[in-house]
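Enquirer: In the numbering used here, the protein residues as written are 3 to 394.
The beta carbon of each residue, even a glycine, is placed where N, CA and C say it ideally should be.
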Ligand SMILES: *Cc1c(COP(=O)(O)O)cnc(C)c1O
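1. Using only alpha-carbon positions, find the residue among 91, 273, 343, 258 that is nearest to residue 282.
2. Report the option in 362, 337, 252, 41 whose CA atom is closest to the CA atom of residue 301.
3. Measure the Cβ-Cβ separation of residue 287 and residue 182 and say whether it is below 8 Å.
4. Do residue 103 and residue 150 have their beta-carbon atoms positioned less than 8 Å apart in this structure?
5. Our contact map puts residue 135 next to residue 329 with C-beta atoms below 8 Å; I'd like the distance itself, whole angstroms only.
6. Taking 8 Å as the threshold (C-beta atoms), are residue 79 and residue 199 in contact?
7. Determine the closest residue to residue 344 out of 313, 356, 100, 124, with distance taken between C-alpha atoms.
8. In chain order, what residues of the same chain lie with their CB nearer than 8 Å to the CB of residue 15, ignoring the 5 residues before and after it?
9. Compare the C-alpha of residue 161 against each of 128, 185, 184, 317 and name the closest.
10. Is the beta carbon of residue 104 within less than 7 Å of some heavy atom of ligand 2?
11. Residues bridged to residue 362 by DSSP?
12. Ordered along the chain, which non-local residues of its own chain (more than five positions away) have a Cβ less than 6 Å from that of residue 290?
13. Where does residue 479 land, buried or exposed, given buried means 16+ other C-beta within 10 angstroms?
14. Confirm, please, whether the CB-CB distance from residue 294 to residue 417 is below 8 Å.
15. Please classify residue 17 as buried or exposed, where buried requires at least 16 other C-beta atoms within 10 Å of its C-beta.
16. Could you tell me whether any non-hydrogen atom of ligand 1 is closer than 7 Å to the CB of residue 227?
17. Contact check, residue 233 vs residue 82 under 8 Å by CB: the rounded distance?
18. For a quick check, are the C-beta atoms of residue 359 and residue 312 less than 8 Å apart?
19. How big is the Cα-Cα spacing for residue 7 and residue 22?
20. What first and last residue would you give for the beta strand (DSSP E) that runs through residue 39?
21. For residue 198, which three-state DSSP category applies?
22. Helix, strand or coil, according to DSSP, for residue 144 in the structure here?
23. Straight-line CA distance for residue 367 to residue 331?
24. I'd like to know whether the C-beta atoms of residue 279 and residue 152 end up nearer to each other than 8 Å.
25. Please determine whether the Cβ atom of residue 115 lies at a distance below 7 Å from any heavy atom of ligand 1.
26. Nearer than 7 Å: is that true of the beta carbon of residue 81 relative to any heavy atom of ligand 1?
27. For my contact list, residue 244 and residue 207 are in at a C-beta cut-off of 8 Å; report their separation, rounded to the angstrom.
28. Under 8 Å by Cβ, that's how I've got residue 101 and residue 124 pegged, so tell me the actual separation to the nearest angstrom.
29. Given that a residue counts as buried once 16 or more other Cβ atoms are within 10 Å of its Cβ, and exposed if not, what is residue 394?
30. Alpha carbon to alpha carbon, how far is residue 12 from residue 2? Give it in angstroms, no decimals.
31. Is residue 210 helix, strand or coil when you go by DSSP?
32. Sorted by chain position, which residues of the same chain lie with C-beta nearer than 7 Å to residue 180's C-beta, five sequence neighbours on each side aside?
33. Which runs of the alpha helix (DSSP H) at least 4 residues long sit entirely within the segment 228–261? Give them in chain order.
34. Within 10 angstroms of the Cβ of residue 226, are there 16 or more other Cβ atoms? Answer buried if so, exposed if not.
35. With hydrogens ignored, establish whether the beta-carbon of residue 178 is closer than 7 Å to any heavy atom of ligand 1.
36. Is DSSP giving residue 325 helix, strand or coil here?
What follows is the structure in C-alpha cells.
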C-alpha cells in the first residue's frame, strides 16, 4: 500500500531495520568530512562528504520519495541548487522563464547565466502562448506556480505537453506549495526545484535547497556537478531540515487554514484594494490549482490603497514580523519592492503589478484569533490615524 505524504515526511521504508544506527529514532548527524577505507579499492559507500554524507543522503531520499523522483540533491541554499541547475546549459542555449519569479532567480539568470551565453525569454506562462517562444536553441521552460509574489497559476500539464512535444525540459520551482500540496514530476515536469529554507525546513532557522528529478540522464549530470562544484548541504543542516520536515503536513494544513481566514478578512478591509490568494474562488487560477494541487498554500499578496498605508503596516506589526522569507511557523510580512524583488528591473516589476503598495504575507501556524487580533489593531489604528490626520 502506498504510504501517505505525512508518513513519507517521517519514515523511509528502506531504513526500517531496527538494528541500524543502534535503533536511534532520530537519524544521526554524521559530522565527518572523510571516511576510512577497509582496503585498497574498497569503500563503505562514502569517501568524502562533498560527494556524499549519510545524513545528507537520508534527507535526499526522503525528499526524492516525497516528490516521486528517482533522486534528490540537497544544497546549501535554494540559489545554490538553481545555480547548479544552470550548469546544464551553455552558450547559445535559450530558456523560456516565467516573468514573475523569485527575485533571486531573476537576478541569477540576468546577471550570471547571461554572461555564460544563455539567453532568456521572460513571459507570462499562465496566459501567453508559450509554444510560440520555443526555437531551435530552446532547452527548457522554467516556471513557478503559484508565482512569487503575484500568485499566478500556470497549468503544469499544459507546459509538460509543450516540453515533451519539443523535446525540452520542464523545470518547476515548487517552493510555494511544497511536496505536501503539489508534485510537479507527476504532472510531467523533469526537474523540481525547492528552497528548503521555506516550508520543508519550516522554522526560519536553516537555509537549504533541492533539485529533484525522475530522469536517469539528469540525475547523473547533477551528481557529477555537485561533487565538482561542492555546494552540498552540511550534515547538521541536513539534520535540521530532516527534523523540520517531520511536521510538514500539519504545518501546511494549519498555515493554509489560517491563510484562508486572513484572506477573507483582508477582503473586508476598505483600505485593501486587492487580495490575491489562489484558494479564493475569485482567483483566476483556482480551477487549475484544484486540478494539479492538493491545496493552495499559505502565501497571500495584497494591495493597499496607498504606499503610506503599506509602510505604516510594516512599521506597526509586532508579533507578525516585517521580514523577508516565507514558509516558517512564524507569520511574516514582506515588502517585495525593496526586499525580495529589489534587484528586479522596475519595468518588469511594473509589468507584474508589484507596486509600492504591494505587501506579501507568509501565514504561519499561530492561533488565528491572535493573528486577526493583531491585524485588526494594525489596520484599525493606522486607518484611524490616517483619517484623523487628514481631517485636522
Ligand atoms: C527563497 C526562494 C528561493 C531561493 O532559496 P534560498 O534558500 O533563499 O537560496 C528560490 N525560489 C523561491 C520560490 C523562493 O521562495
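Expert: Inspection of the coordinates gives the following:
1. Taking only the C-alpha atoms, the option nearest residue 282 is 258.
2. From the listed residues 362, 337, 252, 41, the smallest Cα separation to residue 301 is found for 362.
3. The answer is no: Cβ separation not under 8 Å.
4. Cβ atoms of residue 150 and residue 103: closer than 8 Å.
5. Not a contact, Cβ separation roughly 31 Å.
6. Result yes, Cβ atoms of residue 199 and residue 79 sit closer than 8 Å.
7. Ranked by how close their Cα comes to the Cα of residue 344, the residues 313, 356, 100, 124 have 356 in first place.
8. Take residue 15, set aside five residues on each side of it, and the residues of its chain with a beta-carbon closer than 8 Å to its own are 5, in chain order.
9. Residue 128 holds the alpha-carbon nearest to the alpha-carbon of residue 161 among 128, 185, 184, 317.
10. Within the structure as shown, ligand 2 is missing, the only ligands being ligand 1.
11. Beta-bridge pairing links residue 362 to 303, 336.
12. Non-local C-beta neighbours of residue 290 in its own chain, meaning closer than 6 Å and more than five positions away in sequence, comprise 155, 157, ordered along the chain.
13. Only positions 3 to 394 of the chain appear in the structure, and residue 479 is not among them; the question remains open.
14. This structure leaves residue 417 out entirely; the chain is present only between 3 and 394.
15. Exposed.
16. Set against 7 Å, the gap from the CB of residue 227 to the closest heavy atom of ligand 1 is not smaller.
17. Rounded, the Cβ-Cβ distance is 4 Å, consistent with contact.
18. Going by C-beta atoms, residue 359 is nearer than 8 Å to residue 312.
19. Rounded to whole angstroms, residue 7 and residue 22 show a C-alpha spacing of 24 Å.
20. First-last for residue 39: undefined, no H or E at that position.
21. In the displayed model, residue 198 falls within coil according to three-state DSSP, outside both helix and strand.
22. Residue 144 falls in the strand class under three-state DSSP.
23. For residue 367 and residue 331, the distance between alpha carbons rounds to 5 Å.
24. Not in contact: residue 279 and residue 152 (Cβ atoms no closer than 8 Å).
25. No - ligand 1 has no heavy atom lying nearer than 7 Å to the Cβ of residue 115.
26. Flag set: Cβ of residue 81 near ligand 1.
27. Residue 207 and residue 244 do not touch by the CB rule: their CB atoms are close to 13 Å apart, not below 8 Å.
28. With 8 Å as the limit, residue 101 and residue 124 qualify as a contact, their Cβ atoms being about 4 Å apart.
29. In this prediction, residue 394 has a pLDDT of 45, which is less than 50 and means its spatial position is unreliable; what the coordinates show is noted afterwards. By the neighbour-count rule (16 or more Cβ atoms within 10 Å), residue 394 is not buried but exposed.
30. In the structure as shown, the chain starts at 3 and stops at 394, and residue 2 therefore has no counterpart that could be examined.
31. Residue state, collapsed to three classes: coil.
32. Once the five neighbours on either side are set aside, the close Cβ partners of residue 180 are 201, 202, 250, 254.
33. If one requires a minimum length of 4 residues, the alpha helix (DSSP H) runs lying completely within the segment 228–261 are 237–247, in chain order.
34. Exposed, by the Cβ-count rule.
35. Residue 178 Cβ: within cutoff of ligand 1.
36. Coil, per DSSP.
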